[in-house]
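Presented below is the structure to which this report refers.
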Amino acid sequence: DSENYKVGVLQALSIASGRSSMAEASSVSASMANEAPEDREQPTVQAPIEPVGDISSTIISAIKSADGGEGAEYDAIILSCVQSGFSREEAEDALEGMRDVDGTIIEPRFGFFQVL
Numbered sequence: 026d027s028e029n030y031k032v033g034v035l036q037a038l039s040i041a042s043g044r045s046s047m048a049e050a051s052s053v054s055a056s057m058a059n060e061a062p063e064d065r066e067q068p069t070v071q072a073p074i075e076p077v078g079d080i081s082s083t084i085i086s087a088i089k090s091a092d093g094g095e096g097a098e099y100d101a102i103i104l105s106c107v108q109s110g111f112s113r114e115e116a117e118d119a120l121e122g123m124r125d126v127d128g129t130i131i132e133p134r135f136g137f138f139q140v141l
């Protein structure tokens, strides 16, 4: 699927340029690899977060807060939705619908979104 390939390339470029939360996650995991196993905290299992509000309003607020003039990065928008309790698939579908069907957001550059 070409869309998955494009997303993979975009994520790789974001990581390489250091503009992705995924790069931060990999640096944290690298620092944890240097710790002794007994020094690490054991992860706690948390109950799933119930979605709060409408996914469209979550996407719009995520774009507005992350937009530095060039648009908000795809991964940051999806992460914000997931942290708000929505599934990744719901967030991706809603983002695509808002861009292609509703026209409430635009993608001026691949992987970056702005509110109209």
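The working numbering applies: residue 26 is where the sequence shown begins, and numbers increase by one.
Idealized CB from N, CA, C, for every residue including glycine.
Taking the CB atoms as reference points, tell me whether F135 and E95 lie closer together than 9 Å.
Not a contact, by the Cβ cut-off of 9 Å.
Taking the straight line between their C-alpha atoms, what separation do you get for E132 and A119?
Taking the Cα positions, E132 is about 14 Å away from A119.
Look up E115 in the DSSP assignment and say whether it is helix, strand or coil.
Residue state, collapsed to three classes: helix.
Helix, strand or coil: how does DSSP classify E121 here?
Helix.
Taking all protein chains shown into account, decide if S82 is buried (16 or more other Cβ within 10 angstroms of its Cβ) or exposed.
So S82 ends up on the exposed side.
For E98, name the three-state secondary structure that DSSP assigns.
E98 falls in the strand class under three-state DSSP.
I think A87 touches S112, with their Cβ atoms under 8 Å apart; what is that distance to the nearest whole Å?
Actually they do not touch by this definition, with Cβ atoms about 15 Å apart.
Less than 6 Å between C-beta atoms, sequence neighbours within five positions excluded: which residues of the same chain meet that for G42?
First, the amino acid is wrong: residue 42 is Ser here, not Gly. Nothing listed; no residue qualifies.
Start and end residues, alpha helix (DSSP H) containing V32:
First-last of the alpha helix (DSSP H) with V32: 27–42.
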